[in-house]
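Numbering (the numbering used here), first residue to last: 1111 to 1194.
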């Protein structure tokens, strides 16, 4: 099943976010290699991202998100997707 994740960043944490960006990119690369992360889109102002994830359950998506170094700086909304 696919899920759309909308993650908004708290801009007051920008310095901490930038410091952890290389680790975030490495973890996303691992999730992509595992077939979990399917697509990633970043807003022009870098304040939010949209991620399409493939997983068996919402709990699996949640655990994958919690493994991201920037997870603590995100406000996350998870939406199950269906194919039409």
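All C-beta atoms in this analysis are idealised placements derived from N, C-alpha and C, irrespective of residue type, glycine included. Quick caveat, the model's predicted, so the values are computed rather than measured.
Under the rule that 16 or more other beta-carbon atoms within 10 Å means buried, what is residue i, buried or exposed?
i            : result
residue 1176 : exposed
residue 1146 : buried
residue 1121 : exposed
What residue does the alpha helix (DSSP H) around residue i start on, and which one ends it?
i            : result
residue 1136 : 1124–1143
residue 1175 : 1168–1176
Please report the distance separating the alpha-carbon of residue i from that of residue j.
i            : j            : result
residue 1151 : residue 1169 : 22 Å
residue 1111 : residue 1128 : 31 Å
If you drop the 5 nearest sequence neighbours on each side, which residues of the same chain put their C-beta closer than 7 Å to that of residue i?
i            : result
residue 1114 : 1160, 1162, 1189, 1191
residue 1158 : 1116, 1117, 1118, 1119
residue 1131 : none
Please report the residue range of the beta strand (DSSP E) in which residue i lies.
i            : result
residue 1179 : Segment: none, residue 1179 is in no beta strand (DSSP E) and carries neither H nor E.
residue 1149 : 1147–1152
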